[in-house]
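First residue of the sequence shown: 0, per numbering that gives the first Met the number 0; consecutive thereafter. Note that the Cβ used here is the ideal one computed from N, Cα and C, for glycine as well. Keep in mind that this is a model prediction, so the values were computed, not measured. Please read the structure below before turning to the comments.
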Amino acid sequence: MSDTTPALRPGELSELIRASGEAILREVLAMTEAASAHHPAPREWCARQVVGHLIEAERRGFAGRIRQILAADRPALQGWDPDEVAASRNDCARRLPDLAREFQTMRHEGVALVFRLRGDDLTRGGDHPKVGFLTVGDIVNEWVHHDRAHLIQIAQCTQSFVLPHLGAAQGFLGE
């Protein structure tokens with residue numbers, strides 16, 4: 000992929016992370032308990048599991064790794080298995096307001112962390128077992144991208160939940 004787009008500054012990146020966090024919260028808090036527990040297909044996550052994953056990604060991947068990199072010179076970073084962590088969290092059994100509160104707290108802290116980054120912090124990094132040298136800039140940009148992928152996933156959970164109730168309007172699908 001070419002590098003023809005200008006890099007975003009920490010303040011701009013933090014604003015995108017804040018905005019996606021708000022969109023995620025708005026969508027999941029608008030869901031009923033039944034909708035938030037709906038699995039679009041076998042082995043696909045429900046919206047509650049997606050929120051749980053976002054919490055863990057923030058803790059283990061994004062804010063967690065940034066803090067680790069800022070605290071040490073080129074630290075060894077750890078990988079993690081999202082499916083394994085999702086199974087151990089058992090977010091399907093948790094109440095949606097509790098998950099939303101946990102996510103909101105983590106997101107507030109994460110946005111503040113990114114906002115406080117200086118330009119030279121973005122080039123600091125650590126060694127990841129899968130991708131090699133990973134910079135703070137790489138992590139923050141992945142965070143922006145990752146959020147939007149999971150916002151789409153949450154929206155697809157909602158779409159799947161209401162699909163059986165479209166009736167004749169299903170004829171409009173694909174237009």
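A Cβ-Cβ distance of about 6 Å is found for the pair V139 and V113, placing them in contact under the 8 Å criterion. Segment contact: the stretch 130–144 against the stretch 8–17, three or more CB-CB distances shorter than 8 Å; contact assigned. R8 and G118 have their C-alpha atoms roughly 7 Å apart.
Burial of L150 is indicated by the presence of at least 16 other C-beta atoms within 10 angstroms of its C-beta.
By the 16-neighbour rule on beta-carbons within 10 angstroms, H107 is exposed. Taken atom to atom, the span from the alpha-carbon of T31 to that of A71 is near 44 Å. In this structure H52 touches W44 by the C-beta definition: roughly 7 Å separates them, less than 8 Å.
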